[in-house]
Structure formats: structure tokens, C-alpha cells
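S.K.: Residue numbers (UniProt numbering): 1 to 157.
Here is the structure:
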């Protein structure tokens, strides 16, 4: 990894971090959200607004899918519909008898594949309506149909 990294990201811009496998992309993103110690290095970061990080291993709560999307925020029906639609989550919800009231977690029988779990995490990020979104390989876990929807509706839209 390089000794010097500079970012100047303007509001409304889409920025990608690319590189070969094990080149430090995830480390850079983790450092940006303050999750990686700098081990004696100095530096600063200014972020104006709220940051949402969506990593490659979605962190889900034991509770309903709706609770996982809302993450403690009050329900706004329009924003919730937007979040579950553009994240591709609505497709999974339509297959579940209890829809977004389905409980997920260690003690349930609901199987979450990588695409399903990633859609929940993406819906949470969209629902939060942050100023800065940091995604670490989130598209990698999605099937082709969902990846295309998320790219056009969530990221570019």
C-alpha cells in the first residue's frame, strides 16, 4: 500500500477504488470510516455529512427484515418502498409468506444467501439517506439481475 493517499470527493460524484486482489482497496475504505488503525501514521479526513458503509459481509440483526432495513429509524413508507425496490430486496420479500415481517437471525429457519443478505444491507443504506456511501465489493455478492438493478437504481439513480 502506498504511503500517501489523497481524496477529494465532491458532493454528487461517484468515485471508484480499483486495484488488484490484496492491493489494499478494502483497507483504504476501512480507514476512511475509521475502522482501521493507522499504526503511528498521521493524517486527517474531513467528511461533511453522514457516512454509510456497506461491506462485503453484511451485518444483520436478529429481527424482522423490516427492522433490519429501518435500523431504529421511524418508518417513512415512501422511503422504505424506494429502499426495498432499488436494492432488489422486494423480489425476495415477494417470495416470503410474511414478507418484510419475516424474522431472520441464528434461531430462524429462513436461509439467507449472499444476494439476499446484501440486498437487506443495501436497502438499509438507501433508507438511511446519507451524504456519503462507501460500498466494499457489495455488487460482487449479487446475482446478475440484482446487480444490474442496483447499479442503475441505487448507485447511478
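The beta carbon of each residue, even a glycine, is placed where N, CA and C say it ideally should be.
Note that the structure is a prediction, hence the values are computed from the model and not measured.
Identify which residue in 115, 110, 81 has its Cα closest to the Cα of residue 146.
M.R.: Locating residue 146 in the chain shown gives position 146, counting from the first residue. Among 115, 110, 81, the Cα nearest to that of residue 146 belongs to 115.
S.K.: Relative to the C-alpha of residue 152, which residue among 111, 14, 8, 9 is closest?
M.R.: By 1-based counting over the chain shown, the position of residue 152 is 152. The residue with the shortest Cα to Cα distance from residue 152 is 14.
S.K.: Can you tell me whether residue 71 is helix, strand or coil according to DSSP?
M.R.: Taking the first residue of the chain shown as 1, we reach residue 71 at position 71. Of the three classes helix, strand and coil, the one that applies to residue 71 here is coil, per DSSP.
S.K.: Is residue 100 near residue 64, with beta carbons less than 8 Å apart?
M.R.: On the chain shown, residue 100 is found 100 positions in, with the first residue counted as 1. On the chain shown, residue 64 is found 64 positions in, with the first residue counted as 1. It is a contact, given that the beta carbons lie within the stated cut-off.
S.K.: What does the alpha-carbon distance come out to for the pair residue 135 and residue 56?
M.R.: What you label residue 135 is simply residue 135 of the chain shown in a count that begins at 1. What you label residue 56 is simply residue 56 of the chain shown in a count that begins at 1. Whole-angstrom Cα-Cα distance: 8 Å.
S.K.: Whose C-beta lies closer than 6 Å to the C-beta of residue 68 among residues of the same chain, with five residues either side of it excluded?
M.R.: One-based indexing of the chain shown puts residue 68 at position 68. Excluding sequence neighbours, residue 68 sits near 60, 61, 120.
S.K.: What are the residues that DSSP puts in a beta bridge with residue 116?
M.R.: For this step, residue 116 is matched to residue 116 along the chain shown. Note: residue 116 sits in no beta bridge, so no partner.
S.K.: If I'm right that residue 126 touches residue 83 with Cβ under 8 Å, what's the distance once you round it to whole angstroms?
M.R.: Here residue 126 refers to the residue found at position 126 when the chain shown is read from its first residue. Here residue 83 refers to the residue found at position 83 when the chain shown is read from its first residue. With a Cβ gap of about 4 Å, residue 126 and residue 83 count as contacting.
S.K.: What residues in its chain sit with their C-beta under 8 Å from that of residue 90, if we drop five residues either side in the sequence?
M.R.: As a position in the chain shown, residue 90 is number 90, starting the count at 1. Only 84 meet the Cβ criterion.
S.K.: Express the C-alpha separation of residue 107 and residue 149 in angstroms, rounding to a whole number.
M.R.: Translated into the one-based positions of the chain shown, residue 149 becomes position 149. Translated into the one-based positions of the chain shown, residue 107 becomes position 107. Cα to Cα, the separation comes out at about 31 Å.
S.K.: Output the distance between the C-alpha atoms of residue 80 and residue 70, rounded to the nearest integer angstrom.
M.R.: Counting from one through the chain shown, the residue named residue 80 turns up at place 80. Counting from one through the chain shown, the residue named residue 70 turns up at place 70. If you take the alpha carbons of residue 80 and residue 70, they lie about 8 Å apart.
S.K.: Please state if the CB of residue 138 and the CB of residue 156 are separated by a distance shorter than 8 Å.
M.R.: For the purposes of this step, residue 156 is taken as the residue at position 156 of the chain shown. For the purposes of this step, residue 138 is taken as the residue at position 138 of the chain shown. Their beta carbons are not under 8 Å apart, which means residue 156 does not touch residue 138 by this criterion.
S.K.: Residues in its own chain within less than 8 Å of residue 9 by CB, not counting five upstream and five downstream?
M.R.: Numbered from its first residue, the chain shown carries residue 9 at position 9. The answer, listed in chain order, is 15, 132.
S.K.: With a CB to CB cut of under 7 Å and the five nearest residues on each side skipped, what residues in its chain are close to residue 96?
M.R.: Indexing the chain shown from 1 puts residue 96 at position 96. Same-chain partners within the cutoff: 102.
S.K.: Go to residue 54, then tell me how far its beta strand (DSSP E) extends in each direction, as first and last residue.
M.R.: In the chain shown, the residue the question calls residue 54 occupies position 54. 51-54 is the span of the beta strand (DSSP E), which, as asked, contains residue 54.
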